[in-house]
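The next block holds one structure in the form of structure tokens; read it before the comments.
Number of protein chains: 2
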Amino acid sequence: MQSFELTRAYIEGLKEAIEKEDNAKVLSMVGDLRAADIADVTAELETEEAQFVYSLLDKETSADAITEMEEDEREELFKELPPEYIARELINNMDSDDAADVLSELSDELQVEILQKIPDIEQAGDIADLLAYDENTAGGLMATELIRVNINWNIFTCLREMRKQAENVDEIYYVYAVDDNNIFKGTVTLKNLLLAPGTTKIKAIYDPDNLTVHTDTPAAEVASIMEKYNLVALPVIDNIGRLKGRITIDDIVDVIRDEAEKDYQLMSGISEDIDSDDNVWMLTRARIPWLIIALFGGILGSMVISQFTGELSLYPQLIIFIPMITAMGGNVGIQSSAIIVQGLANNSLGLESTAQKLTKELGVAVMNGLVLSSLIFAYNLIFTHSYALTISVSVALFTVIIFASIFGTIVPLFLNRIKIDPALATGPFITTVDDIMGVLIYLMIGRQLFEVM
Amino acid sequence: MQSFELTRAYIEGLKEAIEKEDNAKVLSMVGDLRAADIADVTAELETEEAQFVYSLLDKETSADAITEMEEDEREELFKELPPEYIARELINNMDSDDAADVLSELSDELQVEILQKIPDIEQAGDIADLLAYDENTAGGLMATELIRVNINWNIFTCLREMRKQAENVDEIYYVYAVDDNNIFKGTVTLKNLLLAPGTTKIKAIYDPDNLTVHTDTPAAEVASIMEKYNLVALPVIDNIGRLKGRITIDDIVDVIRDEAEKDYQLMSGISEDIDSDDNVWMLTRARIPWLIIALFGGILGSMVISQFTGELSLYPQLIIFIPMITAMGGNVGIQSSAIIVQGLANNSLGLESTAQKLTKELGVAVMNGLVLSSLIFAYNLIFTHSYALTISVSVALFTVIIFASIFGTIVPLFLNRIKIDPALATGPFITTVDDIMGVLIYLMIGRQLFEVM
Numbered sequence: 022m023q024s025f026e027l028t029r030a031y032i033e034g035l036k037e038a039i040e041k042e043d044n045a046k047v048l049s050m051v052g053d054l055r056a057a058d059i060a061d062v063t064a065e066l067e068t069e070e071a072q073f074v075y076s077l078l079d080k081e082t083s084a085d086a087i088t089e090m091e092e093d094e095r096e097e098l099f100k101e102l103p104p105e106y107i108a109r110e111l112i113n114n115m116d117s118d119d120a121a122d123v124l125s126e127l128s129d130e131l132q133v134e135i136l137q138k139i140p141d142i143e144q145a146g147d148i149a150d151l152l153a154y155d156e157n158t159a160g161g162l163m164a165t166e167l168i169r170v171n172i173n174w175n176i177f178t179c180l181r182e183m184r185k186q187a188e189n190v191d192e193i194y195y196v197y198a199v200d201d202n203n204i205f206k207g208t209v210t211l212k213n214l215l216l217a218p219g220t221t222k223i224k225a226i227y228d229p230d231n232l233t234v235h236t237d238t239p240a241a242e243v244a245s246i247m248e249k250y251n252l253v254a255l256p257v258i259d260n261i262g263r264l265k266g267r268i269t270i271d272d273i274v275d276v277i278r279d280e281a282e283k284d285y286q287l288m289s290g291i292s293e294d295i296d297s298d299d300n301v302w303m304l305t306r307a308r309i310p311w312l313i314i315a316l317f318g319g320i321l322g323s324m325v326i327s328q329f330t331g332e333l334s335l336y337p338q339l340i341i342f343i344p345m346i347t348a349m350g351g352n353v354g355i356q357s358s359a360i361i362v363q364g365l366a367n368n369s370l371g372l373e374s375t376a377q378k379l380t381k382e383l384g385v386a387v388m389n390g391l392v393l394s395s396l397i398f399a400y401n402l403i404f405t406h407s408y409a410l411t412i413s414v415s416v417a418l419f420t421v422i423i424f425a426s427i428f429g430t431i432v433p434l435f436l437n438r439i440k441i442d443p444a445l446a447t448g449p450f451i452t453t454v455d456d457i458m459g460v461l462i463y464l465m466i467g468r469q470l471f472e473v474m
Numbered sequence: 022m023q024s025f026e027l028t029r030a031y032i033e034g035l036k037e038a039i040e041k042e043d044n045a046k047v048l049s050m051v052g053d054l055r056a057a058d059i060a061d062v063t064a065e066l067e068t069e070e071a072q073f074v075y076s077l078l079d080k081e082t083s084a085d086a087i088t089e090m091e092e093d094e095r096e097e098l099f100k101e102l103p104p105e106y107i108a109r110e111l112i113n114n115m116d117s118d119d120a121a122d123v124l125s126e127l128s129d130e131l132q133v134e135i136l137q138k139i140p141d142i143e144q145a146g147d148i149a150d151l152l153a154y155d156e157n158t159a160g161g162l163m164a165t166e167l168i169r170v171n172i173n174w175n176i177f178t179c180l181r182e183m184r185k186q187a188e189n190v191d192e193i194y195y196v197y198a199v200d201d202n203n204i205f206k207g208t209v210t211l212k213n214l215l216l217a218p219g220t221t222k223i224k225a226i227y228d229p230d231n232l233t234v235h236t237d238t239p240a241a242e243v244a245s246i247m248e249k250y251n252l253v254a255l256p257v258i259d260n261i262g263r264l265k266g267r268i269t270i271d272d273i274v275d276v277i278r279d280e281a282e283k284d285y286q287l288m289s290g291i292s293e294d295i296d297s298d299d300n301v302w303m304l305t306r307a308r309i310p311w312l313i314i315a316l317f318g319g320i321l322g323s324m325v326i327s328q329f330t331g332e333l334s335l336y337p338q339l340i341i342f343i344p345m346i347t348a349m350g351g352n353v354g355i356q357s358s359a360i361i362v363q364g365l366a367n368n369s370l371g372l373e374s375t376a377q378k379l380t381k382e383l384g385v386a387v388m389n390g391l392v393l394s395s396l397i398f399a400y401n402l403i404f405t406h407s408y409a410l411t412i413s414v415s416v417a418l419f420t421v422i423i424f425a426s427i428f429g430t431i432v433p434l435f436l437n438r439i440k441i442d443p444a445l446a447t448g449p450f451i452t453t454v455d456d457i458m459g460v461l462i463y464l465m466i467g468r469q470l471f472e473v474m
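Residue numbers (my numbering), protein chains in the order written: chain A, 22 to 474; chain B, 22 to 474.
Here it is as structure tokens:
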């Protein structure tokens, strides 16, 4: 079966079948879909309709699909379900990391209630342990399901034990070797298991040169390690080296996507994680904080200009280039800070010092400034017939470009140094400051030049 | 060994060892590093120094590290190396997909010369086949190395054949089942191979419900399928269903990262793929095109204002809020288009029609507009003592917010419809149009209101 395409006709057909309580039809439409597709389908349904669909599916499929749902939709669904059912039928059939993620969205009381009702005590214990970790650390990302072998076993024993353990593990990528105290020793690749004779000891074939992370390693660092070294799974150890779990690449793909989206949203001045299919109220709440800050920036800018009303009535030609100066300052500032933020995010800044970065940025700014100032100089010379204006605009534009470049480089580096997300420096904050400074620089230069010319 | 940290002291020590041609020291410093770390190290060296380091390492390690290098640095290095050496020692030791990627950066003549010198004819053939695919398709991403078993084999035969094939495959995630004509039938998980008795036929245990992509499926679509369904490897088939290769998640992580970076750069008005450690010339070239477009936008804006010089000298208070109006229009427009672009990029727009999206966006715009206009209304009422100005600014701000929201929503949807990258609508283009329209709307409203009040 290929990729499923969700259509309006499909949803209408499904809603009709649900309304008629035509179980066979609903099952035939949904039963063969993959978990992620079922989650997409139920996202288009009312909560009660979704509940009806899940009640028809087998527990494993329901648990997988519910894992794939958006948080807010899952929350709606869970409100309608008894804790007993959530514990026995859903959480009990999820991988430990997914179960912990899902539970962590619920209230503390509900978490405890559900944990106590999970029939498999070992599973309940694993989930409770995982819930203790910060969700933005390796501990919060890892699953406890993995294949664990003792370095003293031979391959025969190992394969026999793996058969037992494999029933609880969805995907086997690596087999982890531990000693008698569960201290992590290294990785056995499936390739080595296949290639060596059955009497070989694990000791002889495991790879001791294996990257590990600690349970408290930040998620972003885990992502950059797995990305850099092209890993599909990474073992997680505690402070004394015991193997606690493994992180798989599918969870890291989500971390990478989330980090990129967060940077993108900060740059566009959106303060919460929203989707375009969220409702008007959520969208407004996510968008208005930065707009209010920008509004206050605008008020500051208006105060700057009101200091120059005398000059502006004497030299009214100055007015017409105000929006150009502010716009260019904003554009240059965003470019500068975006390059730094991206470099920080993907660790590509290399060994350059701050001074080297600033020197280079200054070089770029001078080149950009010269080109753009010359263009506007030529334009004004031809069309405006005012030397004072021509020179003012070009000198101000050059100065604003230099200022915006340096400012856009320093701010994210500074924020990063004091452990604040540098991506904050790419959004409305930088353009607002550039606007105010741009207009100030422009009018000060204009005043001087118009007075002397 | 844990993650390696690159320091200036380390590079200085290494450069010194290279200068003294102290082979033992260089090898002790570099020999045990992972491929990605070696690539980071050689990025900090001169080309000749890097060449010296690679000449000391074993071929496999060199090939892996060179695969991990940045394209421009690899290009520099290859200029210094004889094609014979590149073919025999480097390309011959790379996976087919990496080899094709590396070769595709070279001139056509050099590609042919190197291909002819690869000692393993089968490998050379695979690479030549891969080079024929567009790099932004599944064919361009896939590797030909995979484990292939016949559905008529039993598990014993299968394991014996896998041992043979495994020598050429770095990582085994899945085993692919084909019929006698190499038509892809499905996937055998390692778990199933472990759990079933040895005499079981593959036919009985393979999973026929397996997603595949075609060699010409676009890379972005491959990425979204693998991301959505949490896959680590995906088989690639041709038009008659023959198994041609497999795509692994590490390549897709790169696609996801690249897509996100491209959107981020377009939003920040950067037109080429650059890193902060590129040189001044490359950085300038990537940044100036959008700045020039924004400059022309600024000139258009200045023409709009010059139509209102009469009014502005009559009502000079209007001037001081010009930057605020343009800034707010820009900020709102970027938010609107960013939400749409992100929704298009991660397929989260759901089944909403364009009309529904616009209605919702209008709702958000009205709410934002009311809040912000009220704030500036209150401010002006208290501080500016001009009813005409107070009302003009608030009405204009409200109108500009509505315009920028609708425009920022329509443009990316329209670009996407006509198959142009919608992310183009998030950068300087949208802010420039919003600036011009903002100033026009503001001054027209101001003129009307000042005349009647």
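Just so it is clear, CB atoms sit at the ideal spot from N, CA and C, and this is done for glycine as well.
Own chain residues within Cβ distance below 8 Å of residue i, not counting five before or after
i       : result
V416(A) : S394, I466 and L470
I277(B) : A244 and E248
I340(A) : L333
L264(A) : L167, R169, Y197, V199, N203, I204, F205, P256, V257 and I258
P229(A) : K206 and G207
L124(B) : I112, Q132, I135, L136, I148 and L152
Contacts that residue i makes with chain B (C-beta to C-beta distance below 9 Å)
i       : result
D456(A) : P344, M345, T347 and A348
W311(A) : N352 and Q356
Closer than 8 Å at the beta carbon, the chain D residues around residue i
i       : result
S334(B) : In the structure shown, chain D cannot be found, because the protein chains are A and B.
Contacts around residue i, its chain only, beta-carbon distance under 6 Å, and the 5 residues preceding and following it disregarded
i       : result
A359(A) : T447
M90(B)  : A60
A56(B)  : D85, A86 and E89
A307(A) : I291, S292, E293 and I295
Same chain, Cβ closer than 7 Å to residue i, five either side skipped, listed in chain order
i       : result
Y154(B) : G160, G161 and T236
E19(A)  : Summary: the structure shown does not reach residue 19(A), with chain A confined to residues 22 through 474, and so no result is reported for it.
I346(B) : A417, L418, V421, G459, V460 and Y463
D58(B)  : F25
Whole-number beta carbon distance between residue j and residue i, since they are thought to touch under 8 Å
i       : j       : result
V257(B) : I246(B) : No, V257(B) and I246(B) are not in contact; Cβ-Cβ is about 12 Å, not under 8 Å.
L418(B) : M349(B) : 6 Å
M303(B) : I295(B) : 6 Å
N563(B) : I223(B) : What the structure shows of chain B is the stretch from 22 to 474, and residue 563(B) is not part of that stretch, so it cannot be assessed.
R420(B) : I462(B) : The residue asked about is misnamed: residue 420(B) is Thr in this sequence, not Arg. About 5 Å; that satisfies the 8 Å criterion.
L402(A) : L316(B) : Not really, about 15 Å apart at Cβ, beyond 8 Å.
S297(B) : K283(A) : The pair is not a contact, with the Cβ atoms about 20 Å apart (cut-off 8 Å).
Per-residue contacts from residue i into chain A (C-beta, under 7 Å)
i       : result
A187(B) : K212, L215 and L216
I341(B) : S323, I326 and S327
Chain-ordered neighbours of residue i on chain B, where CB pairs are closer than 7 Å
i       : result
V416(A) : By Cβ distance, chain B contributes nothing, its closest Cβ being about 15 Å from V416(A), past 7 Å.
T305(A) : V385, M388 and N389
Residue of the options minimising C-alpha distance to residue i
i       : options                               : result
F450(A) : I355(A), F398(A) and G266(A)          : I355(A)
A217(A) : G351(A), F177(A), G146(A) and V353(A) : F177(A)
R184(B) : A164(A), M163(A), L151(A) and G219(A) : G219(A)
D150(B) : N173(B), S117(B), D141(B) and N175(B) : S117(B)
Residue burial classification, residue i (beta-carbon count within 10 angstroms, cutoff 16)
i       : result
N114(A) : buried
M22(B)  : Confidence at M22(B) is low in this model, with a pLDDT of 47, below 50, so its placement is unreliable and no value can be given for it.
S374(A) : exposed
R181(A) : exposed
Chain-ordered neighbours of residue i on chain A, where CB pairs are closer than 8 Å
i       : result
A315(B) : A348, M349 and N352
E453(B) : Residue identity differs from the one stated: residue 453(B) is Thr in this sequence, not Glu. Per Cβ cutoff of 8 Å: A348.
L396(B) : I313 and L316
K378(B) : S297
F257(B) : Inspection of the sequence shows that residue 257(B) is occupied by Val rather than by Phe. Result: empty, since nearest Cβ-Cβ is about 13 Å, beyond 8 Å.
Near the ligand ZN: residue i beta-carbon under 7 Å from a heavy atom
i       : result
M303(B) : In terms of ligand content, the structure shown is empty, and the ligand ZN therefore cannot be addressed.
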